[in-house]
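Residue numbers for the sequence shown follow UniProt numbering, so the first one is 1 and each next one is one higher.
The C-beta atom is built at its ideal place from N, Cα and C for all residues, glycine as well.
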Amino acid sequence: DMSQKHHTWKEQAPWLSALVNAVGTGVPAKGFPVGAAGQAARWNPPRCGVPDLPVLTDGQNGRNRQKRFVLSGGRWDKTDLTYKIIRFPWQLVKAKVRRTIEEALKVWSDVTPLTFTEVQEGRADIVIDFTRYWHGDNLPFDGPGGILAHAFFPKTHREGDVHFDYDETWTIGNNLGTDLLQVAAHEFGHVLGLQHTAVSKSLMSPFYIFRYPLSLSEDDKQGIQYLYGKPSPDPDPTPTQPEELSQADLETNEITNVEAVQPDVCDTTFDAASTIRGELFFFKSRYVWRLRAGKLQDGYPALASRHWQGIPSSVDATFEDPLGNIWFFQDSQYWIYDGERRVSGPTPILELGLPASPVQAALVWGAEKNKIYIFSGGNYWRFNPHRRQVDNIYPRAMADWRGVPQEIDAAFQDEFG
């Protein structure tokens with residue numbers, strides 16, 4: 001089966017060689033998108049380096065007989081797999097990479113009986129490496145952009161190998177570079193036996209498009225469950241006598257009587273607002289509203305602690321900096337989160353060069369998120385997140401912002417600037 005021989009595809013499958021030549025001229029394989037005007041969509045976006053399979057035809061009538069999800073022809077004969085990371089990208093600390101790899105594997109284990117365990121010595125089923133250009137598998141990388149990563153299917157002589165291009169600008173949870181979580185989850189789909197699909201919103205689409213939050217499409221789920229089945233249901237817990245809960249235990253992330261506890265969205269002011277990971281968040285008391293493309297997401301409003309454990313009970317201001325860190329301010333202190341993990345705080349805002357009075361609002365301005373303004377007491381400051389200091393030519397008076405009140409509660413830049 002030529003589709004399984006990933007490591008020697010150039011020599012053993014002439015149609016794949018022709019496909020790569022087509023890629024070079026911007027001509028897509030059958031089953032992949034073509035421009036509305038009849039022009040083949042050029043394959044300029046960054047993408048996975050695993051070759052795409054063409055659509056097979058059914059006999060003389062030439063009808064396509066391609067499942068929406070596509071299998072490589074191999075699968076693992078066990079469900080408990082180990083993995084090992086050989087080398088790491090230079091931009092990210094090892095702990096963050098390990099946590100991201102674990103999260104990417106969990107995308108697949110959540111919907112199958114598969115389990116994944118990291119080992120740091122000895123043999124592993126899945127071997128992860130960050131490498132450059134020619135690296136011994138006849139599938140060289142090409143420097144920044146272009147091919148981001150590739151992986152090898154089960155039942156090949158390199159089964160389980162996953163290679164990432166070391167020269168990419170790897171990031172986590174933002175689109176300021178190439179999101180490691182999304183690319184890793186895609187490559188692990190190959191390692192488990194899935195090929196590329198023509199379903200554009202599928203994780204197994206060959207083209208990289210940053211999406212947050214990461215999730216499997218129904219196509220992805222059907223494909224992986226075709227190979228490994230659905231997860232085993234948890235056994236019914238043994239009934240126990242309910243115990244009396246403390247007040248701390250009652251403060252869960254689940255809102256059982258929403259109407260009774262949440263602020264009225266039609267009759268309220270908000271404490272803070274910010275665009276985080278491309279979505280708009282509004283904060284009021286302990287609650288957060290989450291909007292994507294102008295639409296309130298299911299399950300919201302919700303307790304802000306659902307996302308950020310240890311967040312203060314109310315937020316005065318918040319913003320996401322160019323590195324993807326999320327800052328929260330309350331009174332004269334601030335907290336920093338990396339995604340949903342707290343990395344520092346509470347810390348006095350005096351360390352940032354701000355006065356000890358409460359911050360009222362924060363605004364990230366500009367397409368590169370490189371202008372951050374902090375508002376307090378009728379004045380504003382421009383903040384440098386790299387130096388973690390306000391610029392020394394500030395504060396300035398709010399009168400500079402014509403038509404804006406002296407005292408504001410929240411500020412954000414919308415999609416139109």
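Grab me the residues of residue i's own chain with a C-beta within less than 6 angstroms of its C-beta, minus the 5 sequence neighbours each way, in chain order.
i, result
"A399", "none"
"T79", "P113, L114"
"Q297", "R290"
"A260", "Confidence at A260 is low in this model, with a pLDDT of 36, below 50, so its placement is unreliable and no value can be given for it."
"S215", "none"
"P312", "Q330"
"T117", "T82"
So what's residue i in DSSP terms, helix, strand or just coil?
i, result
"K155", "coil"
"Y334", "strand"
"Y226", "helix"
"F277", "At residue 277 the sequence reads Arg, which differs from the Phe that was named. R277 falls in the coil class under three-state DSSP."
"F328", "strand"
"E121", "coil"
"G189", "helix"
"E168", "coil"
"Q360", "coil"
"V258", "Only weak support is given to the placement of V258: the predicted model assigns it a pLDDT of 34, under 50, and the value that follows is read from those uncertain coordinates. V258 falls in the helix class under three-state DSSP."
"A410", "coil"
"K78", "coil"
"K371", "strand"
"A272", "strand"
"V107", "helix"
"L180", "helix"
"A95", "helix"
Answer yes or no: do residue i and residue j have a C-beta to C-beta separation smaller than 8 angstroms?
i, j, result
"A397", "G378", "yes"
"T100", "I209", "no"
"H150", "H135", "no"
"S314", "D271", "yes"
"K96", "Q120", "no"
"K201", "V111", "no"
"Y394", "R402", "no"
"T169", "P144", "yes"
"F153", "G74", "yes"
"G353", "V404", "no"
"L181", "I224", "no"
"R158", "D142", "no"
Between residue i and the rest of its own chain, which residues show a CB-CB distance below 7 angstroms, the 5 nearest in sequence each way excluded?
i, result
"L350", "A356"
"P358", "D316, D331, S332, S376"
"I86", "V127, I128, D129"
"residue 431", "Because the chain here runs from 1 to 417, residue 431 falls outside it and cannot be looked at."
Near residue i, which residues of its chain fall below 8 angstroms by C-beta distance, leaving aside the five closest residues on each side in sequence?
i, result
"F412", "A273, S274, T275, L280, L363, V364"
"F319", "S274, I326, W327, A362, L363, V364, I372"
"F88", "K94, V97, F130"
Assuming residue i and residue j are in contact, meaning their beta carbons sit under 8 angstroms apart, how far apart are those beta carbons, in whole angstroms?
i, j, result
"residue 418", "R286", "Absent from the model: residue 418. The displayed extent of the chain is 1 to 417, so no value can be given."
"A104", "A185", "4 angstroms"
"V127", "D161", "5 angstroms"
"P322", "P385", "6 angstroms"
"T347", "Y337", "Actually they are not in contact, since the Cβ atoms of T347 and Y337 sit about 13 angstroms apart, beyond 8 angstroms."
"L148", "P233", "No, L148 and P233 are not in contact; Cβ-Cβ is about 36 angstroms, not under 8 angstroms."
"R132", "D167", "6 angstroms"
"L227", "S217", "Not quite, the Cβ-Cβ distance comes to about 16 angstroms (not below 8 angstroms), so this is no contact."
Pull up the DSSP beta-bridge partners for residue i, would you.
i, result
"H150", "H163"
"S344", "I336"
"R292", "K295"
"N379", "S376, A397"
"K284", "Y287"
"Y83", "E118, I126"
"E102", "DSSP output for E102 lists no bridge partner at all."
"A302", "V288"
"V390", "F383"
"W365", "K371"
"E320", "I326"
Just checking: is the beta-carbon of residue i within a distance shorter than 8 angstroms of some beta-carbon in chain C?
i, result
"R388", "Here chain C cannot be found, since the structure has a single protein chain."
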